[in-house]
Each structure stands twice: as C-alpha cells, then as structure tokens.
Amino acid sequence: MKKNFRISNHFREQLKQEIQSWQTDGIINQEQLATISQKYQLDRLSRERKNYLLFAIYVIGAALIGAGVISFVAAHWDKIHPVPKIVLIVGCMLTCHILGFYLWKISGKSPRLGHALIVLGTLIFGANIGLLAQIFHIKENFYNGLFAWTSGAIIMAYALESLPNAVIAIIVSFIGFCWWIGDNPHTFCYYPIITAAIFLPFAYLRRSVLTFVFSLLALGVSIVVCASIDAEQLWAFSLATAGIGLLFFAWGLLSDRTEGFKFFAVPAMVIATILTAMIAYISSFKEIARESNFDRIGNWMWTIPVTACYIIATILWVSVFKSMLSNRRLRWMAISILVSVTLVFLELVVRALWPSSDRIYNFYFYIVIASNLACLVLCIGLIAGSFFAENRGLFWAGILFAALIIITRFFEYETGLLLKAAVFTACGIGLILAGVEFENYLKKRRFINE
Amino acid sequence: MNKRLGWFIMAVMVQALILAAVPGRKIYTRQTGTAILLKVAPYDPYSIMSGYYARLNYEISRPPALPEWHHDRRQPKPVWVILKKGDDGIWHADSIHDSWPKSVPDNCIVIKGKERGSGIEYGIESFFIPENARGTVEHDLSEHQKQAKVEVKVDSFGNAALIRLLIEDRVYEY
C-alpha cells in the first residue's frame, strides 16, 4: 500500500500507542487493529526511525568530511604540482557522485549512504571551486564562485530530487547574494527573482516544506535587503516588508485551499505574520516616525522585485478573498493581516504625499497612532483566530505580542515608576488569566466535539 | 532508471564543466599570453595580507601622468590600457582607452582593467600564498616594497594572469 507521506510520523507514533489501548478497552477488535496498522504502516515505524537516524548520521558524517576537505583546501597543497592536484580533487568528487548514485539508485542496498555520498560530492564540488581559485590566484568576485557552487548543487537537486542538495544551493546562494551586494550596485536586486524561479519550483516538485521555508526566507529577506540598501531609505524597508507579509499570507491561504499543498500554508502564514508584526512594531516607535522622510531616491532597481511582490499579492488576495471570508479558522487572521498592512501602507502614502515642510508639528503623532493600531489589529486577529482555530500557538503569539507592545510603549514614553509597576503587574495578571480562560475554552470545545 | 541515470550524468557533467570554467580563462591566458614584468606599487605594510591572499597594487593601477586617467570614478567601468616596455624591462602604462584601442604600436600590448574610485584593477591583485609561506612572503614584501615585481601573462584579449612574485633574486610561485 502506498504510504501517504503527508501523514506525519508523530501522528503515526501516537496512533500506534493509542490503538493498543483501544483494543484493550474493546473499542476495536484484533482484525480492525490489524487493518489500521496496515493502512498506516505502523509496523515500519521503528525501522523508519532507524533509517532516519542512519540518514542523519550519514549526512552529518558527509558534512564533517566536507568541512575537512574545505579545511584541506585552506591549508593548501603546496607540495604537489597543480595538474595532479586537480585530477585528485575532481576524482574525489566524481567517486562520491558515482558511488553514491550506485548505492542509492542502482543497487538500492544503501540508499541513505548513497544519498549522503552525493551530498558529500556536492560539498567537495564547492571546495574544488575554492581550490581552483587558489591555484590560479582568482579572488575577485568571490560571489561568482558561490553562485557556481549553487548552480552545481541545484542541478544535482533537480536531477535526483535531493533535498539536502537543494538546501545547500539555497544557503550558498544567499551567502553569495550578501557578497554580491558589496560589489555590485543595484544588480543584486535580481536575486529575489532568480531565487523564486529556481528554488520554489523544486519545493513544489518535491513537496518539501523544508525547501519551501528556506526559499521563502531567502526570497523575503533578499527583497527587504534590496529595498533597504538600494533605496537607502527607511520607508523602502517598510514598503518591502509589508509587501512580503501581504504576499506570503495570501500564498498561505491559496496553499490551504490547494489539495496536496496544504502543508505549505502554515509556514507561509507564520512567516507573513512575523514580518507584518515586525514592520508594524518598528513603525510604532516615535523616533522612527519622526526620522522616516521621503528623500529623493537615485536608484530604482529595488522597485522591480517590490512591485512584482505587490502585483502578485494583489492577484492572490483577489483569488482567495471569497474563500477566506468563509473560512472560520483563518478569517480573523487574514483580515487582521490585510488591515495591518493597509495601515502601514497608508502611512507611507500619506508621508509621500505630504512633504515634510508642510507637516504640522504633531504629524508624526498620527503616524505613530496608525502603527500602534496596526499592532493592535494584529493582536486581535491572532487572539480571535486562536479561538476559532482552537490553536494555542496563535493565542500565545497574540497575547505576548500585545504584552510586548504595552511594555515597549511604557519604556518609550517614560511614565512614572509607580504607574509602570501597576501596568506590568496588570499585564502579568492579565496574561495568566487569559491563559487560564483560553485553556478552559479549549477544554469546553473538546467536550462539545466529543 | 535510464531517465534518472541520464539526469544524473547531465548534472555531473554540468558540475565538471563549471569546474573547467572557473580557471578556464586563466589557463588560456597562461598558455597563450605574453609574459611581462610589472612593478608592485607601494602600499600599507600593515595590511599586506587579506586572508590567504597577498594584496598587490601596481604602478599601472594608478597612472597619474596620463591625461585620460580619471581617479574619482565611483561606478566600475571597463578600460583598456596600452603598456609599453621600459628600458628597465618593466612595462609601464602608455595610454588609457574606453574601448579596445584602434591601433596598438608594435612593441606594446593591451591589458584590460576595471576602473574604480581607488584605481584600475586588472584581476591580478590577489596572490595566493600557502599557510606555511605566509610569514616569509609577508615579511619580504613589507621589507622590500620597492624591489617587488610580478611576472604576468597577458593574452590577445587583454586578460591577465598572475604567474609569480619576484623580490630581488627571490622567486615566489605557488
């Protein structure tokens, strides 16, 4: 029977324990127990656990060997002539790849070891690029070497549907991007587009949450970095972060509706919520509101990925809006994200249209109010959403974010110690009471559902 | 299986091609280029090394005598410099051009560089030194700045490849 690989192993472990007690309590008979065991392949759990452990050990071993090879590169082989050196290092790489492929895909006897050897081969490939650069005294454009490594890794990832190779590719490419920024004005803003085009299809092809999360992080962080560094303006950072939050949440909503990709929904929405909370929180500081002006920008390259982000976000929101409103679990969260981002966006629009010389003295005060409102809306969305989704994580995220806002405002506006003491105590009591109430609510819901 | 094998072979070949491409241009330059000597320019003796690389600057990196030389460019821009051999055997910058020069005198060669705010870079500013030789080379460079020269090969496209470092009668080649 084909394993439904989207049933988590945690669920299968718990089920294996539970069905024994069901049989003891007479809820199911022996035959039904066997049917359930067969359906979820519960007998294979211990073997799979061992396999995963072995795989993890092999990959760690491969990574350590790779680190050893890289250190070897750093020490430099000065006693051997370049030609035999090159033959040896390329030979190592090819041996790992060929042996790994044989063990994994041809004989099938040690698939985990074979896969780990392929990963080692990719690590040695990266080390080889470094060694060749040293032999021929090539140091300029170091990021080109990292992108070359990325190319080799991602091609191997696609060829063999190898997750570790994809993860290596994403991490190495991001490091290369960080180097690229320092050397090339503006052109580094192409990185987010390239990332989306190369890494996201792999995540969808392999249905890999790990690759999806890494890709989203690389994409989101790089767009924000592009906007901040290329524009050299704080408001560009806010605009980019808000846009990413909007895009990723809509992406999560769409994934939630898409059969076979529901597991992408939670990571996308979590990253979106964190980014939205971050930008709303940062914008809520009075000093940030005062400092952030719309000065003339000389560079426009960063607008390409940011504009693409907003366009795609708009399309996605339009396509999921109706279904979002009817989704009890996610409705409150989605509306709060939309409202928070809109408030942050409106702030920026108002700032842009109202030149600083014309502003009334307390203009920035209204900006601060809008940002704090965005934070409040997000808190409400998280807490309300937790009640409908019956999710502790959302509840505590909302409560803790609210507590953070309150405490931050008190420290920022220098109120008296006595008042601070009273408010902090009230926050603490409120937190505890809220937690108790929520747990009671969950208990009641569980009782009703049963 | 055949399809999977085909993809695997393609991936390995791509990796091998990438490895061939990394030093490809330098190998071509070393095989076909003209050997020339360049004088190392004075530099800060306290920051010779950058990791495992010695930072080298050349006389031709900042040629102030030439009228075409712009030393305050902020955006990197490709330039082509005509080098002429001096009586001392050292090659010096004769003229700078924004594109490949229309005519190159017989006893001159063209080297390609990138003009930045701090000077012109030719891709030969980093000299890799193995760990056990770092101390010796660094000391020698800081003590004998004025006597340091490099042997470089320049190919017909203006690309340069660093071959060896020469300080008085000592030769450093790795």
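Those protein sequences? They're chains U and H, same order as listed. Using the numbering used here, the first residue of the first sequence is number 1, and each one after it goes up by one. Using the numbering used here, the first residue of the second sequence is number 1001, and each one after it goes up by one. Glycine included, every Cβ here is placed at the ideal spot set by N, Cα and C.
{"query": "Contact under 8 angstroms by Cβ, ILE181/U with GLY220/U", "result": "no"}
{"query": "Those residues which DSSP pairs with SER1164/H across a bridge", "result": "The sequence shown places Arg at residue 1164/H, rather than the Ser named in the question. According to DSSP, ARG1164/H bridges with GLU1151/H."}
{"query": "Reference ALA157/U; option with closest CA among ILE175/U, ILE193/U, LEU131/U, TYR204/U", "result": "TYR204/U"}
{"query": "Cβ-Cβ distance between ILE279/U and ALA242/U below 8 angstroms", "result": "yes"}
{"query": "Any C-beta of chain H under 8 angstroms from that of ILE138/U", "result": "yes"}
{"query": "Touching by the beta-carbon criterion (3+ pairs, under 8 angstroms), the segment 107-114 of chain U and the segment 81-91 of chain U", "result": "no"}
{"query": "Neighbour list for VAL90/U in chain H, Cβ cutoff strictly below 8 angstroms", "result": "ALA1016, LEU1019"}
{"query": "Whole-number beta carbon distance between GLN23/U and LEU33/U, since they are thought to touch under 8 angstroms", "result": "5 angstroms"}
{"query": "Test: ALA148/U CB closer than 8 angstroms to a CB of chain H", "result": "yes"}
{"query": "Nonlocal neighbours in the same chain, by C-beta distance under 8 angstroms from ILE36/U, ignoring five residues either side", "result": "LEU15, ILE19, ILE28, LEU42"}
{"query": "Cβ contact check for the segment 1005-1019 of chain H and the segment 1108-1126 of chain H: 3 or more pairs under 8 angstroms", "result": "no"}
{"query": "Three-way DSSP call (helix, strand, coil) for ASP1088/H in this model", "result": "coil"}
{"query": "Identity of the residues DSSP links to SER1126/H by a beta bridge", "result": "ARG1055/H"}
{"query": "Strand pairing of TYR52/U, partner residues [DSSP]", "result": "In DSSP, TYR52/U forms no bridge with anything."}
{"query": "Rounded Cβ spacing between LEU254/U and VAL306/U (contact assumed at less than 8 angstroms)", "result": "At roughly 20 angstroms, the Cβ-Cβ gap does not stay under 8 angstroms, so LEU254/U and VAL306/U are not in contact."}
{"query": "CB contact below 8 angstroms: HIS81/U versus chain H", "result": "no"}
{"query": "Backbone secondary structure at ASP25/U - three-state DSSP", "result": "coil"}
{"query": "LYS3/U versus GLY91/U - alpha carbon distance", "result": "With a pLDDT of only 45 at LYS3/U, under the threshold of 50, the placement of this residue in the model should not be trusted; the figure read from the coordinates follows. Spanning the two alpha carbons is a distance of roughly 38 angstroms."}
{"query": "Residue-chain proximity (PHE125/U, chain H), Cβ-Cβ < 8 angstroms", "result": "yes"}
{"query": "Beta-carbon gap between LEU1037/H and LYS1149/H smaller than 8 angstroms", "result": "yes"}
{"query": "Nearest candidate by alpha-carbon position, reference PHE202/U, set ALA227/U, ALA169/U, PHE174/U", "result": "ALA169/U"}
{"query": "For HIS97/U, three-class secondary structure by DSSP", "result": "helix"}
{"query": "Span of the alpha helix (DSSP H) around LEU33/U", "result": "30-39"}
{"query": "LEU45/U and GLU13/U closer than 8 angstroms at C-beta", "result": "yes"}
{"query": "PHE438/U versus LEU419/U, ARG409/U, GLY385/U, PHE410/U, residue with shortest Cα-Cα distance", "result": "GLY385/U"}
{"query": "Residue closest to ALA1093/H, alpha-carbon to alpha-carbon, out of TRP1080/H, LEU1017/H, SER1103/H", "result": "TRP1080/H"}
{"query": "Reference SER238/U; option with closest CA among VAL266/U, ALA289/U, ALA218/U, ILE194/U", "result": "ALA289/U"}
{"query": "Sequence-distant residues of its chain with Cβ nearer than 6 angstroms to PHE248/U (five each side left out)", "result": "ALA268, ILE271, ALA272"}
{"query": "Residue environment, PHE411/U, which counts as buried when at least 16 other CB atoms sit within 10 Å", "result": "exposed"}
{"query": "7 angstroms Cβ shell around LEU373/U - same chain, five flanking residues per side excluded", "result": "LEU343"}
{"query": "CB contact below 8 angstroms: GLU1173/H versus chain U", "result": "no"}
{"query": "C-alpha distance - TYR1172/H paired with PRO1130/H, whole-angstrom precision", "result": "11 angstroms"}
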